[in-house]
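Protein chains: 4
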Amino acid sequence: MAEESSLIKAGIVGATGYTGVELVRLLLAHPQVELAAVTSRSDAGQRLDQMFPNLRGHCDLVFAAPDVKQLGRCDVVFFATPHGVAHAMAAELLAAGPRIIDLSADFRLRDAELWAQWYQQPHGAPELLPKAVYGLPEIHRQQIATAELIAVPGCYPTAITLGFLPLLEQGLVDVDHLIADAKSGVSGAGRKASVGSLLCEAGENFKAYGVAGHRHLPEILQTLNQLAGQSTQLSFVPHLLPMIRGILATLYARLSDHSKDLQAIYEQRYAAEPFVDVMPAGSLPETRSVRGSNLCRIAVHRPLGGDTAVVLSAIDNLVKGASGQAVQNLNIMFGLPETMGLQSISGLP
Amino acid sequence: MAEESSLIKAGIVGATGYTGVELVRLLLAHPQVELAAVTSRSDAGQRLDQMFPNLRGHCDLVFAAPDVKQLGRCDVVFFATPHGVAHAMAAELLAAGPRIIDLSADFRLRDAELWAQWYQQPHGAPELLPKAVYGLPEIHRQQIATAELIAVPGCYPTAITLGFLPLLEQGLVDVDHLIADAKSGVSGAGRKASVGSLLCEAGENFKAYGVAGHRHLPEILQTLNQLAGQSTQLSFVPHLLPMIRGILATLYARLSDHSKDLQAIYEQRYAAEPFVDVMPAGSLPETRSVRGSNLCRIAVHRPLGGDTAVVLSAIDNLVKGASGQAVQNLNIMFGLPETMGLQSISGLP
Amino acid sequence: MAEESSLIKAGIVGATGYTGVELVRLLLAHPQVELAAVTSRSDAGQRLDQMFPNLRGHCDLVFAAPDVKQLGRCDVVFFATPHGVAHAMAAELLAAGPRIIDLSADFRLRDAELWAQWYQQPHGAPELLPKAVYGLPEIHRQQIATAELIAVPGCYPTAITLGFLPLLEQGLVDVDHLIADAKSGVSGAGRKASVGSLLCEAGENFKAYGVAGHRHLPEILQTLNQLAGQSTQLSFVPHLLPMIRGILATLYARLSDHSKDLQAIYEQRYAAEPFVDVMPAGSLPETRSVRGSNLCRIAVHRPLGGDTAVVLSAIDNLVKGASGQAVQNLNIMFGLPETMGLQSISGLP
Amino acid sequence: MAEESSLIKAGIVGATGYTGVELVRLLLAHPQVELAAVTSRSDAGQRLDQMFPNLRGHCDLVFAAPDVKQLGRCDVVFFATPHGVAHAMAAELLAAGPRIIDLSADFRLRDAELWAQWYQQPHGAPELLPKAVYGLPEIHRQQIATAELIAVPGCYPTAITLGFLPLLEQGLVDVDHLIADAKSGVSGAGRKASVGSLLCEAGENFKAYGVAGHRHLPEILQTLNQLAGQSTQLSFVPHLLPMIRGILATLYARLSDHSKDLQAIYEQRYAAEPFVDVMPAGSLPETRSVRGSNLCRIAVHRPLGGDTAVVLSAIDNLVKGASGQAVQNLNIMFGLPETMGLQSISGLP
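Taken in sequence, the protein lines are chains A, B, C and D.
Under full-length UniProt numbering, the residue at position 264 of the first sequence is numbered 264, and the numbers go up by one with no gaps.
Under full-length UniProt numbering, the residue at position 101 of the second sequence is numbered 101, and the numbers go up by one with no gaps.
Under full-length UniProt numbering, the residue at position 317 of the third sequence is numbered 317, and the numbers go up by one with no gaps.
Under full-length UniProt numbering, the residue at position 104 of the fourth sequence is numbered 104, and the numbers go up by one with no gaps.
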């Protein structure tokens, strides 16, 4: 481990949720990071290991009230808050020095108006939107490397975007009728007490939700349009799985060009990507195979040789879908090996 | 309860699986049925309540070896066997008198060749195929009423067919690009010991399977083609849910006619159907709301007013997807109120 | 079904929790009961089937604000409220006519002081305590038959009491060192939004709680003392299971008399009890075998022929542990067959 | 990472089960170990990552048929086999050079006769029993350091022994009436296809098993007797939890000496133990807080200040209950820091 002086000082604002504790877990184990500050408005003074029993024996940190001065001494500050917090604090914090990696939706949409419509409040820092970089390394690695402000993608957007990406970049599908049928474990709904997330409501049960329009939709479309170089249309239906972690997105697209070797295209596009695993054609990625891991496992199918491509994209919604991706961004921003601190093997079973 | 002489004598062949015990449960509680014989090759001599602890106190039946003579004394015989058994016994049994309600796939496809391809064995009674009636009451009620041999539909086909039916009957969608993304609890895989169905393999996990081609596909297409009056093309992707019971099928179809009131069409089509519940537009049917029930709950969506119809169709795979539907067929065949013995309310939570 | 005029008019106060919806389900299916009123302070005006999707198609009831006048027209009123509500309304309601079956703890302890200590508020109707009957039919059937006010036992107390009963009545064990290690599904914690009951907190997890002293302890001791005819000492440790329904209590007691045939004693004591199933010696009752059922399944063991009796007692915490037992009490109070409306077979799997 | 020549060459016999894959995961990540050989009789030739999807991208190993010559080139060989395999191969393998760490029960009991009774076959290498060391570091660290043959303790024995240890060493309890009520996730039953381990049988269900006498009983008694310096009597009742990983043992013992500060005794006894975490008095250890971790978390209670001590002991049955403990033994045997490769933080949620 390097000398203390070269360790990256990190702070986390609003670490009382699931992406927060996952980020703590990853950063505590990161050889080049020193987790210096962890804040929470409501739980200041409480030890983290009181709230999160897995941390006991690994962490003596105590939640502090968010303080721009203290956070300002960090090299990087993560926001693991719900939307609406980062955009209020970002400008002041950036001025104090740290780079920001925001896990919330605050800086994901380039259009402040669109953001305001979907998140039902005015955008708190529209002037920062042009400098914010959408933190999907597989597309924006270059910009991430020099960014001051990263908007970590949402969980569904990560799985869906990585799944469609090669088809759209290569113009192989009808972009007007994309379908993303996505299924997520309940941790995606967060750690707040809500009836719908109770074990007695979500356990031994399955249902769709957000069919009329989910907040991740504009974010996904923004990226898909960019990849396709034109406007795309997506039917996105999320569903709630009776389990804790994992997202599988089953993507359907109508091939406009039947002659291409989809498998080769995916393998090629992602050959250099440490966190996208293109499985052999016809594979069936399981969410448990990436539990706790930053990998996105993808498999491409053309059922019965027809004209519909079916792509399966599996991630851990808290890791590649949030906190793991945030650390991947940190590694890029600070010139570290991109896989540092992100190489653990999923436990099985 | 009616006098013993007017009770319908029922027998079940191969009742050691989940559809079997579910059928036992339903028939024991059916006011007009006397469960007279329950057979199993491998477990003859064992009491049912030894194998199925829920039956203790409710049932003194013992598994008998399958015997056409004994079964021949029944008014109706159910086959709760895997495929390949009913077609071997059906002819002899029909000759002995009883009507047959087969929960297996043996008589679902009209084309014996097609059946042989998908089930990897020659069809054992092709001459019976013309008289076999596909037991989906919402379409075939008339034929069921006078049938001697019923092929109870598969679980996925039931949910998917009922979901698409009004759109296809009315010619409202592009039939070349139908999509059925279906998710089922593990009981659909049966009670046999197999590694993939272990709690440690299927629990806290999610994945697609059978993408290359699932046995239910030809069965679904047979009915969709019939409803559409033309050849249809379906992408059908099943998935395994980390729970015991339930299927939710999320169906996507491209509307060719945007002017129709889909909600009204569904409500009208199913108004007289006791076991199809068309929920208010935009509803989100949950599988737990039909657990143990013979209901299929459907909700129609047109996300963002686009040209894609999204239909959600929820059933209990063991009830409306198998044994409940079998009893519904029995009621029709024997002139009983169709809902008899099938009116229990799902437990919640 | 009997004529409307002979139907028992029932009301439920506070039916928005899990015992509430379970009671609705049981009463809707009860051939001699008409569910006339269902109240909720916070949700008045909402249809029950909006809150509880399993009721859709079975129930058109709407929550009303609690109104003693309206409730007063019922023959029986159930309280499915948390503690602290029934004791405030009981006196007035009894005066208006109905009998009361209270599922809360308000009238379970005979000692108002003791109640106040454990429930942290003064008892609201101590004058009613003498007339309140502890609704465990296996002990108090006679008193229940003529009672005006029933205190339905808690879930853990039901399983534990029925498990120990024959040993204590017969004076077969050392009463100073009884041990009840009990495990319950999460529905026992109720339907309120609380972090500990989230799927992400309680799922794939197991822990003890309430070790220092659980509110059910005084209630259990009250009955055990009564059965033993002396003061007993119990170590009671409850645990939270990662599932929805079910309680298994594993009871340990040191035999003072080794010569007795425990199996025969249990069988004899419960021979006439419709809802206690004494399984063959050495059996292993499973909670799923009583899911949705009012049965308590018990098995007695003497491991390695030693001097420790181990009794396993399984119930559904919402049924025999609450709402089923409430209906069993109603049947006794109104002179109906005790098993009426309580005979359904658990679904399996 | 040290030069290749100083890496410890490890082999695993029978790595197709859950303890096997867990061992692979731990050893692949161990900085001082090179996993050189992984064998399986039935699956020779198959890649590990074909059988275990979590290993894809982390491991190119292929199962080989067990070959004493090849295994003989290892420094240490682990047996992750069911009982009956290690004792057949151990002598020959030890002669070839490697040290052996056996995760099965073959060498846990010192008495070959007793072993034969419980495991229903003659012991295959009774002459090795005297040199076998029971691999519980908290008791046998010294002997482990110089051992050639380690018998890794069973999962239940680990949790139960560590929980009782300080009470027995200090003679604080009545040793004739110890009670261990233990609950385990289904992975304890292994990866073999068996109906009882199906999700549809073990999910949403709870039950006791092995009450008449579980194979872990003689092993536990052997150690408890050793700790107490006399014969002890234990009622041990295991139960099956509807989840994948974790054991919580709830231990009951009657205090003979009420004056002792149990908390201080436990803290003192385990102060130097890296993998036993004595939590503050009255804590409630959760199995999820040690998921994937080698920690055993313990909390001591004296409910209501009575004379019964209640000790809660939580482990991950596959880690501290098997493979993690195996690696802990390896570290001791090879003079490495005991915590090497065993310091990861459990994921939460």
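All residues carry an ideal CB built from backbone N, CA and C; glycine is no exception.
Cutoff 8 Å: residue i Cβ touching any chain C Cβ
{"i": "residue 201(B)", "result": "no"}
{"i": "residue 193(A)", "result": "yes"}
{"i": "residue 181(D)", "result": "yes"}
{"i": "residue 301(B)", "result": "no"}
{"i": "residue 204(A)", "result": "yes"}
CB-CB length for residue i against residue j, believed under 8 Å
{"i": "residue 230(C)", "j": "residue 175(C)", "result": "6 Å"}
{"i": "residue 275(D)", "j": "residue 242(D)", "result": "So it is not a contact: roughly 27 Å between Cβ atoms."}
{"i": "residue 160(C)", "j": "residue 249(C)", "result": "5 Å"}
{"i": "residue 301(D)", "j": "residue 282(D)", "result": "6 Å"}
{"i": "residue 265(D)", "j": "residue 117(D)", "result": "Actually they are not in contact, since the Cβ atoms of residue 265(D) and residue 117(D) sit about 35 Å apart, beyond 8 Å."}
{"i": "residue 198(B)", "j": "residue 198(D)", "result": "6 Å"}
Residues that DSSP places opposite residue i in a beta bridge
{"i": "residue 34(B)", "result": "9(B)"}
{"i": "residue 313(B)", "result": "249(B) and 298(B)"}
{"i": "residue 351(C)", "result": "Nothing can be reported for residue 351(C): it is not among the residues displayed for chain C, which extend from 1 to 349."}
{"i": "residue 239(D)", "result": "183(D) and 208(D)"}
{"i": "residue 278(C)", "result": "298(C)"}
Cβ pair residue i, residue j closer than 8 Å
{"i": "residue 147(C)", "j": "residue 333(C)", "result": "yes"}
{"i": "residue 81(D)", "j": "residue 51(D)", "result": "no"}
{"i": "residue 331(D)", "j": "residue 188(D)", "result": "no"}
{"i": "residue 123(B)", "j": "residue 132(B)", "result": "no"}
{"i": "residue 28(A)", "j": "residue 38(A)", "result": "no"}
{"i": "residue 103(A)", "j": "residue 19(A)", "result": "yes"}
{"i": "residue 252(C)", "j": "residue 179(D)", "result": "yes"}
{"i": "residue 88(A)", "j": "residue 168(A)", "result": "no"}
{"i": "residue 35(A)", "j": "residue 68(A)", "result": "no"}
{"i": "residue 213(A)", "j": "residue 304(B)", "result": "yes"}
{"i": "residue 90(B)", "j": "residue 100(B)", "result": "yes"}
{"i": "residue 244(B)", "j": "residue 138(D)", "result": "no"}
{"i": "residue 284(B)", "j": "residue 65(A)", "result": "no"}
{"i": "residue 193(B)", "j": "residue 193(D)", "result": "yes"}
Residue-chain proximity (residue i, chain D), Cβ-Cβ < 8 Å
{"i": "residue 285(C)", "result": "yes"}
{"i": "residue 198(B)", "result": "yes"}
{"i": "residue 212(B)", "result": "no"}
{"i": "residue 52(A)", "result": "yes"}
{"i": "residue 55(A)", "result": "yes"}
{"i": "residue 157(C)", "result": "no"}
{"i": "residue 103(A)", "result": "no"}
Neighbour flag for residue i against chain A, beta carbons, 8 Å
{"i": "residue 145(C)", "result": "no"}
{"i": "residue 276(B)", "result": "no"}
{"i": "residue 338(D)", "result": "no"}
{"i": "residue 306(B)", "result": "yes"}
{"i": "residue 244(C)", "result": "yes"}
is_contact[residue i, chain B] using C-beta, thresh 8 Å
{"i": "residue 294(C)", "result": "no"}
{"i": "residue 248(A)", "result": "yes"}
{"i": "residue 207(A)", "result": "yes"}
{"i": "residue 327(C)", "result": "no"}
Worksheet entry | Ordered list of beta strand (DSSP E) runs contained in the segment 108 to 141 of chain C, each at least 3 residues | 132 to 134
Worksheet item: In the segment 155 to 184 of chain C, which residue ranges form an unbroken alpha helix (DSSP H) of at least 4 residues, counting only runs that do not cross its ends?
Response: 155 to 169
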